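For reference, the structure is listed below as structure tokens.
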Amino acid sequence: EGVKEIWLSSEDTGAYGRDIGESMPGLLKALIAAVEAAPNSEHVMLRVGMTNPPFILDHLDEIAEVLRHPRVFSFLHVPVQSGCNSVLEMMNREYTVE
């Protein structure tokens with residue numbers, strides 16, 4: 074009652090479900106359906122927290138679709154920590170500038 078926003082937050086929301094055979098897009102679609110079905114929820118919005126590039130890239134098209142939904146804020150926090158491959162390697166990142 075009185076809820077205006079639901080924040081889905083973790084250290085890396087994009088990693089959700091990798092260990093249980095689920096996915097972030099699946100979770101978001103289920104949350105959207107639950108919010109839309111809830112009484113007096115016409116103004117409730119979902120906000121997705123931070124995700125790291127390696128995990129979000131696995132679901133980029135589906136995440137983009139979810140972010141276009143009118144009940145989801147069109148914002149995604151993706152930290153980019155360096156534009157230099159040698160620095161990314163020293164940081165043990167699983168991605169490169171390319």
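Residues in the sequence shown are numbered consecutively from 74, following the numbering used here. Glycine included, C-beta positions come from ideal geometry on N, C-alpha and C. These figures come from a predicted structure and were not determined experimentally.
Proximity below 8 Å, CB of Gly90 to CB of Leu101: no
Reduced DSSP category for Glu78 - H, G, I as helix; E, B as strand; rest coil: strand
Top-ranked residue by Cα proximity to Asn125, from Leu81, Ser96, Asp92 and Arg166: Arg166
The segment 74–88 touching the segment 114–122, judged by at least three CB pairs closer than 8 Å: yes
Bounding residues of the alpha helix (DSSP H) (the contiguous stretch that carries Val121): Premise fails: Val121 lies in the beta strand (DSSP E), Met118 to Val121, not in any alpha helix (DSSP H).
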